Each structure stands twice: as structure tokens, then as C-alpha cells.
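Working notes, beginning with the structure itself.
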Amino acid sequence: MICVGIDVSKRKSTVCFMAPGDKIIRRPFDVKHTKEELQPLVDEIRVQAKYDEIKVVMESTGVYHLSIAYFLQQNGIFVSVVNALKVANFNKAENFRHTKTDSIDSTNIARYGIAYWAKLPQFDLNGDKYFLLKRLCDAYLNFSEERSRILLQLQSQLEQTMPGIFDLFGGFDINSGKDKLLDFLERYCHIEDIIAKSEAEFIASYREWAKEKGYRSNESKAATIYAQAKNGIPSIPNNPIVRETSMWYVGLLRRADEALMASLTRMEDIAKDLPEYELVGEMGGVGRVTRVALIAPDRRCETL
């Protein structure tokens with residue numbers, strides 16, 4: 127057997143070929159993460175594979191190891207991405223040198239691979255559910271941050287068209303996918319839409335709208351909104367341009383809501399098959415997003 131230990135850095139890696147008994151087949155050398163330099167490594171591994179079983183082992187290093195691991199895997203080479211802490215504990219237990227250089231690290235990774243040869247997990251980027259979950263979680267957070275930015279812009283405009291109304295509505299409900307504020311703005315876009323009616327007329331209109339949208343038909347909430355509108359002084363007029371820009375914000379937020387719901391649903395579909403899902407669900411006060419986020423951190427390698 128031959129183990130190829132790879133110590134991964136940001137744009138290059140140090141590679142060591144080793145056989146059992148600490149027999150160095152090829153001393154550590156560097157390769158850049160480019161096709162031009164990785165293809166000769168693939169060719170050399172294939173040559174060695176003609177004479178002996180060969181496996182490539184590297185530590186999980188955030189995202190830096192992914193390109194080289196994926197390239198080797200795509201070329202039909204067995205690749206195992208292992209937990210860096212496990213390698214460190216192995217080296218400590220075996221009293222290997224603690225000096226840290228890329229050459230020594232690649233050698234120690236190769237030793238680890240030989241010691242755990244039969245248990246090495248095979249890397250599969252396409253089938254790695256932790257990797258997929260992490261990507262989706264990153265996307266969810268990006269959508270959420272973008273939504274918050276747009277919402278602040280909408281809030282600023284509402285303070286000029288419907289002072290105080292923003293504070294009377296809750297935010298986006300991730301469980302139901304509903305957004306009461308956006309639904310309301312599609313019906314009542316300016317303070318004049320409200321005060322053009324009598325209080326009784328608005329309450330009746332509000333209750334009809336609430337029933338249509340699936341919200342609780344709350345007469346007291348309608349009265350509070352009407353009172354706020356009656357007292358408010360808009361600083362920009364009710365004209366087509368103002369209404370159009372408000373609807374642009376609503377449309378952007380709708381698309382962000384859809385992206386959040388889609389990414390969360392997809393995360394849950396993946397997470398349900400993972401062993402931590404039920405355990406995390408038993409924790410008190412854990413919602414849908416937190417449940418998958420707790421599972422999503424960098425877990426792209428199995429624990430030996």
C-alpha cells in the first residue's frame with residue numbers, strides 16, 4: 127500500500143508518498159492548485175497504482191482542500207478528507223515530531239493514512255450532505271442579509287408615506303412563509319389609502335383583507351392602524367412614482383422571502399437524513415433555522 131499525504135495550503139499543497147514502515151517513496155514536494163501542476167501528480171499516482179494500492183489523504187481545511195480533492199476524485203483516485211484534530215491527536219499519541227513545516231505535516235498525514243487505511247472515508251463532494259448543507263446555509267444567510275438591507279430602505283420610505291405604520295407589523299414568518307407587512311402594503315400603499323375611508327369603513331376593509339390573506343380578523347388592530355394613520359403626517363405625496371417605488375421594494379422582499387423559504391426547505395430535506403437532526407430537535411427553544419444551522423458548520427469529513 128502507498129499513502130499520499132497532502133498538506134493543503136491556500137494555493138498550493140505539499141505532497142509525500144509513503145509506504146508502511148515510514149518508507150518514503152517520494153520525498154515531500156509542492157504542487158500548485160492548477161491543472162498544469164496537478165495533472166502530473168495524477169499521472170504519478172496512476173503509475174504507482176499499477177504496482178500497489180494507493181490512497182490520497184488530506185486534512186479538511188475550510189475550502190482550500192476542495193479544489194485538489196475534487197480534481198483527484200474526478201480523475202478516479204481514492205481521496206480521503208480527514209479531521210485535522212484527529213491527525214494532530216494521532217501524531218501526539220505516536221510521539222511524532224511536533225515541529226510544523228509543510229514537509230513534516232504531509233509526512234505525518236501519510237502516516238495517519240497508513241495507520242487508518244481500512245477506515246479512511248472516501249471523499250465525495252457531490253454526495254457530501256454536510257458540504258451541501260453548509261453551502262445552502264451560506265446562501266440562506268446571504269439572502270437574509272440582503273433582505274434586511276432592502277427592508278431598511280422600505281422602512282425609510284414608509285416613514286415618509288405612512289409614519290409609524292412599520293412598527294405595527296411583525297416581520298417575515300419563516301414557518302408560514304407569510305409577510306403581513308408586505309401583504310398590507312399591496313392593499314394600502316400610502317396613508318391616504320387609509321384615511322380616505324371612515325374608521326368603520328377601514329375596519330371593515332381591513333377585516334375583509336385579513337380574512338382573504340389568512341390572518342386573524344382583529345378589529346382592535348385595525349382601529350390602532352387607523353388611529354396611527356389619522357395622526358400621521360406624510361412627507362411625500364401619494365403619487366404613481368411613490369407607489370411604484372414602494373411596490374419595487376415589496377417585490378424585492380417577496381423574492382428574498384421565496385429564496386429564504388426555498389433554501390430552508392432544501393436544508394431541512396438534507397438535514398433530516400443526518401444523525402444530528404433528531405438530537406438537535408430535542409433541544410429547547412430551537413427553531414427551524416437554528417436547527418439546521420447547528421448541523422451545517424464545517425463537517426465535510428468523517429470522524430474516524
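If you use our numbering, the sequence shown corresponds to residues 127 to 430, in order. A virtual CB, placed ideally from N, CA and C, is assigned to each residue, including glycine. What you are looking at is a predicted structure, and each value in this text was computed from that prediction instead of being measured.
query: Using the C-alpha atoms, what's the distance from residue 412 back to residue 405?
result: Distance from the CA atom of residue 405 to the CA atom of residue 412, rounded to whole angstroms, is 11 Å.
field: Distance CB(residue 171)-CB(residue 235) smaller than 8 Å
entry: At a Cβ-Cβ threshold of 8 Å, residue 171 and residue 235 do not count as neighbours.
- prompt: Do the segment 276 to 290 and the segment 359 to 378 make contact, defined as three or more Cβ pairs closer than 8 Å?
  reply: As far as the Cβ criterion goes, the segment 276 to 290 touches the segment 359 to 378, which means the pair count is three or higher.
- prompt: Do you know offhand how far residue 302's Cα is from residue 422's?
  reply: A direct Cα-Cα distance of roughly 23 Å separates residue 302 from residue 422.
message: Considering just the uninterrupted stretch of the alpha helix (DSSP H) at residue 160, what are its terminal residues?
response: In the DSSP assignment, residue 160 falls outside any alpha helix (DSSP H), carrying neither H nor E.
- prompt: Are residue 191 and residue 130 close, meaning C-beta to C-beta below 8 Å?
  reply: At the C-beta level, residue 191 and residue 130 stay beyond 8 Å of one another.
query: Excluding five sequence neighbours on each side, which residues of the same chain lie with their C-beta closer than 6 Å to the C-beta of residue 317?
result: For residue 317, where only same-chain residues beyond five positions count, the Cβ hits under 6 Å are 288, 355, 358, 360.
- request: Sort 256, 344, 378, 267 by Cα distance to residue 402 and report the nearest one.
  value: Of all alpha-carbon atoms in 256, 344, 378, 267, the one lying nearest the alpha-carbon of residue 402 is that of 256.
message: As an exercise, report each continuous beta strand (DSSP E) stretch of at least 3 residues that is fully enclosed by the segment 180 to 247, in chain order.
response: Fully enclosed beta strand (DSSP E) runs of 3 or longer: 180 to 185, 205 to 208.
task: Kindly indicate which residue of 330, 139, 237, 408 has the alpha-carbon position closest to the one of residue 220.
output: If we check each option's Cα against that of residue 220, 237 comes out closest.
task: State the start and end residues of the unbroken alpha helix (DSSP H) segment that holds residue 421.
output: Counting along the chain, the alpha helix (DSSP H) containing residue 421 begins and ends at 414 to 421.
- request: Give the straight-line distance between the Cα atoms of residue 326 and residue 350, rounded to the nearest whole angstrom.
  value: Rounded to the nearest angstrom, the gap between the Cα atoms of residue 326 and residue 350 is 12 Å.
- prompt: Helix or strand or just coil, what does DSSP make of residue 146?
  reply: In the structure shown, residue 146 sits in coil (DSSP, three-state: anything other than H, G, I, E or B).
Strand pairing of residue 129, partner residues [DSSP]: As a beta-bridge residue in DSSP terms, residue 129 pairs with 144, 181.
- request: Excluding the 5 residues preceding and the 5 following residue 321 in the sequence, name in chain order all residues of the same chain whose CB lies nearer than 7 Å to its CB.
  value: Hits under 7 Å: 355, 356.
message: Please state whether the Cβ-Cβ distance between residue 315 and residue 419 is less than 8 Å.
response: No, Cβ-Cβ distance for residue 315 and residue 419 is not below 8 Å.
query: For residue 396, which residues of its own chain have a beta-carbon under 6 Å away from its beta-carbon, when the five flanking residues on both sides are left out?
result: In its chain, beyond the 5 residues on either side, 255, 258, 259 have a beta carbon closer than 6 Å to the beta carbon of residue 396.
- prompt: Taking just the CA atoms, how far does residue 250 sit from residue 140?
  reply: Taking the CA atoms as reference points, residue 140 sits about 22 Å from residue 250.
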